[in-house]
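Enquirer:
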Amino acid sequence: MNPDDAVNDPAPPPGAITRRQLVAGIAPPPPGAITRRQLVAGIALCGGALCGALLGVAGCAAAPRFEGRLEDDAVLIDLAELERAAPGASGVIIALPGRRETVLLLRDDQGGWSALSGVCTHQGCQVQPGAGFARCPCHGSTFDIEGQVVRGPARRALPRYALERAGGDLKIKLQ
Ligand code: FES
0 MNPDDAVNDP APPPGAITRR QLVAGIAPPP PGAITRRQLV AGIALCGGAL CGALLGVAGC
60 AAAPRFEGRL EDDAVLIDLA ELERAAPGAS GVIIALPGRR ETVLLLRDDQ GGWSALSGVC
120 THQGCQVQPG AGFARCPCHG STFDIEGQVV RGPARRALPR YALERAGGDL KIKLQ
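Everything in the sequence shown is counted per numbering that gives the first Met the number 0, starting at 0 for the first residue and increasing by one.
What follows is the structure in structure tokens.
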């Protein structure tokens, strides 16, 4: 801008149409309107909350986590505690004491559970449970309730574990 313009072209009063807007045929936003810049900043700030609210799926919102008890090559979960901790949840991440890997429990349509490895077969991210599926938040691989790949980039299924009732516990056989 020419320095003389600044002297001859003082800042317009609030709400006034600027010469640039007039030339370009752009109307100023009405008082109180949200500008594009404000909208983008707002989305950046609350993107996580929006994502969770709009999608309501795992990969966005944190899935319930539950600690299992290791016994030989199995992990035991108190079913009553599980239902108390995650009532009606479509899936739960089971942490294994002393181990980095996790198990994913997905609820099937009969109210039972399917147990899958919680480690994505693509590059090892924690897979998140959804309603009848598991999804990896890293690159979007999606697996069905039996662990089969529905969508890549993962090519290998998630290992599936056998389950049985053991008294009040759910026993997941890791071998
Ligand atoms: S690590 Fe899971 S999709 Fe890439």
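Ideal placement from N, C-alpha and C gives every residue a C-beta, glycine not left out. Computed from a predicted model, the values in this text were never measured in an experiment.
1) Exposed or buried, which one is Q127 when buried takes at least 16 other CB atoms within 10 Å?
2) Would you identify the three-state DSSP class for A23, choosing helix, strand or coil?
3) Which residue comes first and which comes last in the alpha helix (DSSP H) that contains R83?
4) The ligand FES and D153: does the residue's C-beta get closer than 7 Å to at least one heavy atom of that ligand?
5) Looking at C-beta atoms only, is the number of pairs between the region 89 to 96 and the region 105 to 122 that lie closer than 8 Å three or more?
6) If I measure Cβ to Cβ from A130 and keep anything under 7 Å in the same chain, skipping five residues before and after, which residues do I get?
7) According to DSSP, what are the bridge partners of T101?
8) Tell me whether Q122, by its Cβ, gets closer than 7 Å to a heavy atom of the ligand FES.
9) By Cβ distance, which residues of its chain are closer than 7 Å to Q147, with the 5 residues on each side in sequence left out?
10) Can you give the Cα-Cα distance for R150 and A133, rounded to whole angstroms?
11) Could you check whether the Cβ of G139 sits closer than 7 Å to any heavy atom belonging to the ligand FES?
12) Would you mind listing the beta strand (DSSP E) stretches within the region 107 to 161 that are 3+ residues and don't spill past its ends, in chain order?
13) Where do the ends of the beta strand (DSSP E) carrying L173 lie?
14) Write down the C-beta distance between R159 and A114 rounded to the nearest angstrom, noting that I regard them as a contact closer than 8 Å.
15) Would you decide whether G166 is buried or exposed? Buried here means 16 or more other CB atoms lie within 10 Å of its CB.
Expert: By the coordinates alone:
1) Position 128 of the sequence shown, counted from the first residue, corresponds to residue 127. Answer is buried; the Cβ neighbour count reaches 16.
2) On the sequence shown, residue 23 is found 24 positions in, with the first residue counted as 1. For A23, the predicted model reports a pLDDT of 47, less than 50, meaning its position is unreliable; a value from the coordinates is still stated below. In the structure shown, A23 sits in a helix (DSSP, three-state: H, G or I).
3) Here residue 83 corresponds to residue number 84 of the sequence shown, with the count starting at 1. Residues 78 to 84.
4) By 1-based counting over the sequence shown, the position of residue 153 is 154. Asp is not the amino acid found at residue 153; the sequence shown has Ala there. Yes, since a heavy atom of the ligand FES falls inside the 7 Å radius drawn around the Cβ of A153.
5) yes
6) Position 131 of the sequence shown, counted from the first residue, corresponds to residue 130. Excluding sequence neighbours, A130 sits near S89.
7) Residue 101 sits at position 102 when you count from the first residue of the sequence shown. Partner(s): A94.
8) Position 123 of the sequence shown holds residue 122. It does: the Cβ of Q122 is within 7 Å (strictly closer) of some heavy atom of the ligand FES.
9) Indexing the sequence shown from 1 puts residue 147 at position 148. Hits under 7 Å: A156.
10) Along the sequence shown, one-based indexing puts residue 150 at 151. Along the sequence shown, one-based indexing puts residue 133 at 134. Distance between the alpha carbons of R150 and A133 is about 11 Å.
11) Within the sequence shown, residue 139 is the residue found at index 140, counting from 1. Checking the Cβ of G139 against the ligand FES gives yes.
12) 112 to 116, 132 to 134, 141 to 143, 148 to 150
13) The sequence position of residue 173 within the sequence shown is 174, counting from 1. Run containing L173: none; DSSP gives neither H nor E here.
14) For the purposes of this step, residue 159 is taken as the residue at position 160 of the sequence shown. For the purposes of this step, residue 114 is taken as the residue at position 115 of the sequence shown. Sure, about 7 Å apart at Cβ, within 8 Å.
15) Reading the sequence shown from its first residue, position 167 is the one you call residue 166. Exposed, because fewer than 16 other Cβ atoms sit within 10 Å of the Cβ of G166.
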